[in-house]
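Asker:
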Amino acid sequence: MTSDKTALRAQLRSLRRKLAAEAPDAGQRAAALWPGRPGAGTFALYHPAGSEIDPTPLRARVPAGSVCLPVAQSRQGALIFRRHMTGEALVPDALGIPAPDVNAAVLPDVVFAPLLAFDRRGGRLGQGGGHYDRTLANLRRMKAIFVIGLAYAGQERPEIPMEPHDQRLDAILTETEYVEFG
Numbered sequence: 001m002t003s004d005k006t007a008l009r010a011q012l013r014s015l016r017r018k019l020a021a022e023a024p025d026a027g028q029r030a031a032a033l034w035p036g037r038p039g040a041g042t043f044a045l046y047h048p049a050g051s052e053i054d055p056t057p058l059r060a061r062v063p064a065g066s067v068c069l070p071v072a073q074s075r076q077g078a079l080i081f082r083r084h085m086t087g088e089a090l091v092p093d094a095l096g097i098p099a100p101d102v103n104a105a106v107l108p109d110v111v112f113a114p115l116l117a118f119d120r121r122g123g124r125l126g127q128g129g130g131h132y133d134r135t136l137a138n139l140r141r142m143k144a145i146f147v148i149g150l151a152y153a154g155q156e157r158p159e160i161p162m163e164p165h166d167q168r169l170d171a172i173l174t175e176t177e178y179v180e181f182g
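Take the sequence shown: its position 143, counted from the start at 1, is 143 in the working numbering, and no numbers get skipped.
The structure is reproduced here in structure tokens:
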């Protein structure tokens, strides 16, 4: 299974770069389609790396002060989340991704997760480091969370190979639709 996923990831990274070039406004279009999540108080976005769809336009759809970003404290551990206000400085975390440095950790209610591919059963294929799988498993042990994959519509696959540790999505948001999984 691991070698299958490795080969698939290489193909999907190339596809995602192509999709990003074809739809530079995908983040804005996706944000316009998201219906919101009433009752949620804290929303975890992410700092886009490479060709990941940009979640920044979603900030306009959530209450001021409710955004947090992931922070890697080590290369192998789960992520934590820290509040982030627009304009606050970001510093590279243990993975080199810009992240808040000084704010206390928070537990998000809604997590927007980047990905390489998804399916209609909530399957998610990430970059391969397991950071989001470890993080989502930890969060789900602590509280109820709602996980939304943020992707280009062209990243959909008929089926994502899932292993026992893989965490499923509750919904997917693309530049063409928002779908919750049952």
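All residues carry an ideal CB built from backbone N, CA and C; glycine is no exception.
Between which two residues does the alpha helix (DSSP H) carrying residue 82 extend?
Answerer: Where residue 82 is concerned, there is no enclosing alpha helix (DSSP H), although the beta strand (DSSP E) it sits in stretches over 79 to 83.
Asker: Got a sec? Which residues, its chain only, sit under 7 Å from residue 79 by beta carbon, not counting five neighbours each side?
Answerer: 70, 71, 72, 131 and 135
Asker: Going by the CB atoms, is the gap between residue 42 and residue 119 shorter than 8 Å?
Answerer: no
Asker: Pull the bridge partners of residue 169 from the DSSP assignment, please.
Answerer: Answer is none; residue 169 lacks a bridge partner.
Asker: By DSSP's criteria, residue 152 is part of a beta bridge. Which residues make up the other side?
Answerer: Looking at the DSSP assignment, residue 152 forms no beta bridge with any residue, so it has no partner.
Asker: For residue 86, does the count of other Cβ atoms within 10 angstroms reach 16, so buried, or fall short, so exposed?
Answerer: exposed
Asker: For residue 165, which residues in the same chain have their Cβ closer than 6 Å to its Cβ, ignoring the five residues on either side in sequence?
Answerer: 133
Asker: Rounded to whole angstroms, what's the CA-CA distance from residue 48 to residue 29? Just pull it up for me.
Answerer: In a straight line, the C-alpha of residue 48 is about 16 Å away from that of residue 29.
Asker: Figure out for me which residue from 55, 25, 125 and 62 has the closest Cα to the Cα of residue 40.
Answerer: 62
Asker: Measuring only the C-alpha atoms, how far is residue 159 from residue 125?
Answerer: When only Cα atoms are considered, residue 159 and residue 125 end up about 10 Å apart.
Asker: Excluding the five sequence neighbours on either side, which residues of its own chain have a C-beta within less than 8 Å of the C-beta of residue 59, listed in chain order?
Answerer: 45, 67 and 86
Asker: What is the rounded straight-line gap between the Cα of residue 178 and the Cα of residue 142?
Answerer: 26 Å
Asker: Helix, strand or coil for residue 132, going by three-state DSSP, please let me know.
Answerer: helix
Asker: Using only CA atoms, which one of 89, 95 and 161 lies nearest to residue 103?
Answerer: 89
Asker: Return the bridge partner residues of residue 62 from the DSSP annotation.
Answerer: In DSSP, residue 62 forms no bridge with anything.
Asker: Would you say residue 169 and residue 181 are within 8 Å of each other, going by their C-beta atoms?
Answerer: yes
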